[in-house]
Amino acid sequence: MIDHEEKIEQERKEREARIAEEGWTVVKQHKGRKKSADAESGITVGSVAQAVVEDQTNKKKRKEVGLNFYRFQIKDAQRNEILTLQSKFEQDKKRIQQLRAARKFRPY
């Protein structure tokens, strides 16, 4: 157990020495990303939240071109929907009239 701890301590010192040899450390601002520093080595570790990744994928999906890309296509689709609703309404009116005509008069 002591050998293992000494080995970890030695690796930590080697990492710190390598970081010190490299010289300058460039720090950049990155929006939407949380960073935390590793206490042992001083190395900054980046992590991305799962919600951020899902938002980015949803934005990409929204940007895909759908069937109704142009304004005239949207208007045509609305017009066709209104026409189908009107025709269904007329069919329902005829059916209700037929049901009313087929009723029998039963006074008692």
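In this text, residue positions in the sequence shown follow the UniProt record's numbering: the first is 1, and each later residue adds one.
Quick reminder that beta carbons are idealized off the backbone N, C-alpha and C, glycines included.
Just so it is clear, the structure is predicted and the values come from calculations on it, not from any experiment.
| Check | Outcome |
| --- | --- |
| Alpha-carbon to alpha-carbon, residue 56 and residue 90 | 46 Å |
| Inter-residue Cα distance where the pair is residue 70 and residue 104 | 54 Å |
| Residue 88 versus residue 52: straight-line alpha-carbon distance, rounded | 45 Å |
| Which of helix, strand or coil DSSP assigns to residue 99 | helix |
| Where residue 15 sits in the DSSP three-state scheme | helix |
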